[in-house]
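Student: Chains as they are written, first to last, in the numbering used here: chain X, 1 to 270; chain V, 1001 to 1270.
Glycine included, C-beta positions come from ideal geometry on N, C-alpha and C.
Source: prediction; values computed, not measured.
Before we start, here is the structure in question, set down as structure tokens.
2 protein chains.
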Amino acid sequence: MTAPELSFNQATARDWPMLDLIAGCVTAGVRYVGLWREQVTEFGLEQTAKAVRAADLGVTSLCRGGFFNEPGWEISNRRAIDEAAALEAPVLVLVSGGLPSGSRDIAAARAHVAEAVAELVPYARSAGVTLAIEPLHPMFAADRCVISTLAQALDIAEAHPVDAVGVVVDTYHVWWDDQVYAQIARAGSRIASFQLADWSTPLPAGVLTGRSLPGDGCVDIVSLWRAVLATGYDDPVEIEIFNDELWALPGAEVLRRTLAAWSAVTAALR
Amino acid sequence: MTAPELSFNQATARDWPMLDLIAGCVTAGVRYVGLWREQVTEFGLEQTAKAVRAADLGVTSLCRGGFFNEPGWEISNRRAIDEAAALEAPVLVLVSGGLPSGSRDIAAARAHVAEAVAELVPYARSAGVTLAIEPLHPMFAADRCVISTLAQALDIAEAHPVDAVGVVVDTYHVWWDDQVYAQIARAGSRIASFQLADWSTPLPAGVLTGRSLPGDGCVDIVSLWRAVLATGYDDPVEIEIFNDELWALPGAEVLRRTLAAWSAVTAALR
């Protein structure tokens, strides 16, 4: 197999200024980044696009569209698609959003996600951006993402051409699922992004920032990665970690630790 | 249908002394309690058994056996079965435990739970105690319970007679699962205990104490309850809430709030 390449997702070093992040990746020999809309907006869309191009960095994905439970999702998602296109990011990650305010009807919320994705497909295709549905761990079902399993994401994606709608497989969100290996095989070329993060306990308040670098937790990342490789996936692999301890460190140190984790897990992969 | 009866699980008022809890339930007209081994041991097994019998309270379940990832699980689970029998509790709740220390093999951990349950069945049957496998929300898969779905619990339970091994359906743990209604129907008379708790966000650190009284969160408890009733379930229904705010209140106030939540949700059930 071709050696997998790392894409450093900027959320891992959340507060690293954009130009420092870009320079740091170039220095470290990292050729791909995953970007976030908040940081891109803060630095400026055109400026970001220009800077990554000048540095010859590929943008593997833009995070994130979705949140279809919020008013105005149509406009905000079209804007996200435009931003992905401007950054030449082939993939826009969609996090569906949780239950609408006051609702207890999760089945209806899930059905609405399918409708919303279908509505966005023509716009995304004309922009050349693949919509990638990310299932989040079920602990986020209420307030962040009603799409809780890879099977649910695929049920929605499969209504569309493979280059129009794919899925994100993030080891942090799917490792507990006894169907995950079958669903990775089912996904095949629908895997638009593969992301590594590990599960550590105890979870912090709010649970968002509990994930850890590959190797620091209990997820069998190597087995999941092998299953993804078996589908023919050969795009760069993102490391995206929300972790308060990492966020407190200088960006270059976060990248250094990320590369160390990457080396260890890719060595185990062979 | 017969009006459902409440069983007050003592974890909801964790620090209420045993005799006060028993007296409080009698005063409030509550005829059933769910008990915990820690509290029973602290007050004394024989004393507890005597006190609940004297108060004419039924013990619907004893929490908990399981934790099959820990050394000595055979002895501690036999002891738990003895305690359930002494309390005339028909059901011992099993929480499987998480991954063994240092392990990343969740499939092996799940297979071990099936073996451990099988090993306990003869002892439990001779004691007249039903082992009830409780799936916990997947956010507990690493450190508390590798059995994450009702389907997994049923896969294990169905290898045994229905009076030997059943399942616990706790609305808090299963509400997110798109298979839950199908699995409740599949469970049929295997539902050895039905418990109500609601899901509120944000989750607190450690996530154990995030649940709330029925009606205070986003779980469609009424629909889940109707599905359980459709299986023919007519045992008392437990309310079991781990919540720091409730634990800070006097036990009688916790019971008062529990009864108010119970009235509201049973009214919606009709």
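(1) Tell me, please, whether the CB atom of X:C218 is closer than 8 Å to any CB atom in chain V?
(2) Between the Cα of V:D1216 and the Cα atoms of V:G1251, V:W1225, V:A1116 and V:R1257, which residue gives the shortest distance?
(3) When the Cα atoms are used, what is the spatial distance from X:R211 to V:I1147?
(4) Given a limit of 7 Å on CB to CB distance, which residues of the stretch 190-210 of chain X reach chain V?
(5) For V:V1168, which beta-bridge partners are listed by DSSP?
(6) According to a CB-to-CB cut-off of less than 7 Å, which residues of the stretch 1133-1162 of chain V neighbour chain X?
(7) For the beta strand (DSSP E) containing X:R256, list its first residue and its last residue.
(8) Taking X:T27 as part of the beta strand (DSSP E), name the residues at either end of that continuous run.
(9) For V:V1228, which residues of its own chain have a beta-carbon under 8 Å away from its beta-carbon, when the five flanking residues on both sides are left out?
(10) Since X:F67 sits in a beta bridge, which residues does DSSP pair it with?
(11) Helix, strand or coil: which one does DSSP assign to V:R1104?
(12) What residues from chain V crowd round X:L99, counting only those whose CB sits closer than 8 Å?
(13) Please list the partners that X:E56 has in chain V, where partner means a Cβ-to-Cβ separation under 9 Å.
(14) Give the interface partners of V:W1016 over in chain X, defined as CB-CB distance under 7 Å, in chain order.
(15) In chain X, which residues lie less than 9 Å from V:W1036 when you measure between Cβ atoms?
(16) If you compare alpha carbons, which of X:R144, X:S200 and X:V165 is closest to X:L154?
(17) Would you decide whether X:R270 is buried or exposed? Buried here means 16 or more other CB atoms lie within 10 Å of its CB.
(18) Measuring straight from C-alpha to C-alpha, what distance separates V:P1236 and V:A1109?
(19) Within 8 Å of any Cβ in chain X, is that where the Cβ of V:D1178 sits?
(20) Measure the alpha-carbon distance for V:A1013 versus V:V1254 and round it to whole angstroms.
(21) Residues of the stretch 1068-1085 of chain V in Cβ contact with chain X at a cutoff of 9 Å, in chain order, please.
(22) Going by DSSP, which residues form a beta bridge with V:R1211?
(23) Per DSSP, which one or two residues make a beta bridge with X:W36?
(24) Using a Cβ-Cβ cutoff of 8 Å, what residues of the stretch 102-113 of chain X are near chain V? List them in chain order.
(25) From the DSSP output, which residues share a beta bridge with V:L1094?
(26) In the structure shown, what three-state DSSP assignment does V:S1148 receive?
(27) Classify X:I106: buried if its beta carbon has 16 or more other beta carbons within 10 angstroms, exposed otherwise.
(28) List the whole-angstrom C-beta distance separating X:H173 from X:V121, where the pair is believed to meet the contact cut-off of C-beta under 8 Å.
(29) Within 10 angstroms of its Cβ, does V:G1024 collect 16 or more other Cβ (buried), or is it exposed?
(30) Can you round the beta-carbon distance between X:Q152 and V:D1178 to whole angstroms, since I take them to be within the 8 Å contact cut?
(31) Can you tell me the Cα-Cα spacing of V:G1072 and V:A1116, whole angstroms?
(32) For X:L246, which beta-bridge partners are listed by DSSP?
(33) Using DSSP bridges, identify the partner residues of X:V237.
(34) Is V:G1044 helix, strand or coil by DSSP?
(35) In three-state terms, what does DSSP make of X:G188?
Tutor: Concretely, from the data shown:
(1) Taking a beta-carbon distance threshold of 8 Å, X:C218 counts as an interface residue toward chain V.
(2) Ranking V:G1251, V:W1225, V:A1116 and V:R1257 by CA distance to the CA of V:D1216 puts V:R1257 first.
(3) Taking the straight line from one Cα to the other gives about 21 Å.
(4) Residues W199, T201, P202, L203, P204, A205, G206 and V207.
(5) Looking at the DSSP assignment, V:V1168 forms a beta bridge with V:S1193.
(6) Taking 7 Å as the Cβ-Cβ cut-off against chain X, the residues of the stretch 1133-1162 of chain V that qualify are H1137, P1138, M1139, A1141, A1142, D1143, S1148 and Q1152.
(7) First-last for X:R256: G251 to L269, but that is the alpha helix (DSSP H), not the beta strand (DSSP E).
(8) Unbroken run through X:T27 is the alpha helix (DSSP H), M18 to A28; no beta strand (DSSP E).
(9) Non-local C-beta neighbours of V:V1228 in its own chain, meaning closer than 8 Å and more than five positions away in sequence, comprise V1169, I1184, I1191 and F1194, ordered along the chain.
(10) Beta-bridge pairing links X:F67 to no other residue.
(11) Coil at V:R1104, not helix or strand.
(12) Correct list: C1218.
(13) The sequence given here places Asp at residue 56 of chain X; Glu does not occur at that position. None at all; the shortest Cβ gap to chain V is about 37 Å.
(14) Within chain X, no C-beta atom comes nearer than 7 Å to that of V:W1016; the closest sits roughly 26 Å away.
(15) Those within 9 Å of V:W1036 in chain X number zero; the least Cβ separation is about 21 Å.
(16) Out of X:R144, X:S200 and X:V165, X:V165 has the C-alpha closest to the C-alpha of X:L154.
(17) Within a 10 Å sphere around the beta-carbon of X:R270 sit fewer than 16 other beta-carbons, which makes this residue exposed.
(18) Rounded to the nearest whole angstrom, the C-alpha separation of V:P1236 and V:A1109 is 32 Å.
(19) By this cut-off, V:D1178 is an interface position.
(20) When rounded, the distance between both Cα atoms is 6 Å.
(21) Answer in chain order: no residues at all.
(22) For V:R1211, which the question treats as bridged, DSSP gives the partners V:W1199.
(23) DSSP lists X:C63 as partners of X:W36.
(24) Within the stretch 102-113 of chain X, S103, R104, D105, I106, A107 and R110 place their CB atoms closer than 8 Å to a CB of chain V, listed in sequence order.
(25) DSSP lists V:G1065 and V:I1133 as partners of V:L1094.
(26) Three-state result, V:S1148: coil.
(27) Buried, by the Cβ-count rule.
(28) Not really, about 23 Å apart at Cβ, beyond 8 Å.
(29) Buried: at least 16 other Cβ atoms inside 10 Å.
(30) Sure, about 6 Å apart at Cβ, within 8 Å.
(31) Those two C-alpha atoms are separated by around 12 Å.
(32) In the DSSP output, where bridge partners are listed per residue, X:L246 has none listed.
(33) BP columns for X:V237 point to X:L6 and X:F194.
(34) The answer is coil: DSSP assigns V:G1044 none of H, G, I, E or B.
(35) DSSP places X:G188 in the helix class (H, G or I) of the three-state scheme.
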